[in-house]
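Numbering (the numbering used here), first residue to last: -4 to 215.
Let me begin by presenting the structure, written as structure tokens, before commenting on it.
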Amino acid sequence: MDKEYLAKRLLSGLPIMVYDFDGREEEIDMVFYGGSVSWKSIYTLRKDAGGLICYVTGKEEGQKLGLNLITDELRNYQKYSRLVKRPVYGDEPAFAMWVNHMSTRTGISDEDRAKTILELHKTIEMLQIDEKEAKEKFFNEFMAPGHVPVLLSRGLNKRRGHTELTSSLMEFLGLKKSIVIAEMLDERYSMKRQKAEIYAKNNDIPLITGNEILEVLKVA
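As structure tokens, then:
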């Protein structure tokens, strides 16, 4: 894995692709760096990937902003607690909140979602400077529900989904935990790995596996 190449690629606004694991979701996500997203990135994600376009950061970052995992929140409400179940692949979802930035119109256009994501990235950057100001920015400048789902990584020691893989990869590359992901879909089902590999080769996009990420991070 070429660390410098991947970091430069992501910072320049180009995507990578990440496959999780055989026997888990067995899905490939297209991945952009949150600080380098444009409306064209969102257009590419919905046109060529097709899955749910999500913003990823770390659980610690989310908690500093006052965000909790939605599964934890729902458990506190008797009315909804029975809805909290584990998917067939075993891990509870990483969803926290769905937001729009207040400067957006409806929130769903490529331009609007890119704006929301870039402002989320700025909020994560601000955490390192002033946590209180970052939290104020989040609650003052965003509204919920919105069109950008925020996912929080539980860490690879607890969960090994694309949320954890991509956030850990960013940390390894020296970038912020600020990522945009979407599943690669095909007709009817998720795109098979073999077809995604052809797409990656034809479009000169690096495809990284979960096992490669675990190997460079020295995670058993």
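From the three backbone atoms N, C-alpha and C, an ideal C-beta is built for every residue, glycine too.
Keep in mind the model is a prediction, meaning the values are calculated, not measured.
Among the options, the one whose alpha carbon lies nearest that of residue i
i: residue 202; options: 213, 212, 190; result: 190
i: residue 172; options: 6, 85, 0; result: 6
i: residue 25; options: 206, 199, 210; result: 199
i: residue 108; options: 49, 150, 159, 156; result: 49
i: residue 104; options: -2, 33, 17, 192; result: 33
i: residue 157; options: 127, 177, 140; result: 177
i: residue 217; options: 180, 80, 211, 119; result: The structure shown does not extend to residue 217, since the chain spans only -4 to 215, so no value can be given for it.
i: residue 12; options: 207, 154, 139, 86; result: 207
i: residue 175; options: 141, 122, 137, 113; result: 113
i: residue 135; options: 182, 97, 43, 30; result: 97
Assigned secondary structure, residue i (DSSP; H/G/I helix, E/B strand, else coil)
i: residue 205; result: helix
i: residue 182; result: coil
i: residue 103; result: coil
i: residue 76; result: helix
i: residue 89; result: coil
i: residue 121; result: helix
i: residue 211; result: helix
i: residue 45; result: strand
Residue i versus residue j: straight-line alpha-carbon distance, rounded
i: residue 88; j: residue 185; result: 17 Å
i: residue 133; j: residue 82; result: 30 Å
i: residue 45; j: residue 150; result: 26 Å
i: residue 188; j: residue 22; result: 7 Å
i: residue 8; j: residue 66; result: 32 Å
i: residue 61; j: residue 130; result: 7 Å
i: residue 4; j: residue 128; result: 30 Å
i: residue 141; j: residue 16; result: 30 Å
Contact check, residue i vs residue j, beta carbons under 8 Å
i: residue 91; j: residue 145; result: yes
i: residue 216; j: residue 143; result: This structure gives no information on residue 216, because the portion of the chain shown stretches from -4 to 215.
i: residue 148; j: residue 54; result: yes
i: residue 101; j: residue 110; result: no
i: residue 14; j: residue 161; result: no
i: residue 64; j: residue 79; result: no
Neighbour flag for residue i against chain B, beta carbons, 8 Å
i: residue 80; result: In the structure shown, chain B does not exist; there is a single protein chain.
Spatial neighbours of residue i in its chain, beta-carbon cut-off 6 Å, leaving aside the 5 residues before and after
i: residue 36; result: 27
i: residue 20; result: 84
Own chain residues within Cβ distance below 7 Å of residue i, not counting five before or after
i: residue 120; result: 171
i: residue 164; result: 208
i: residue 139; result: 92, 93, 94
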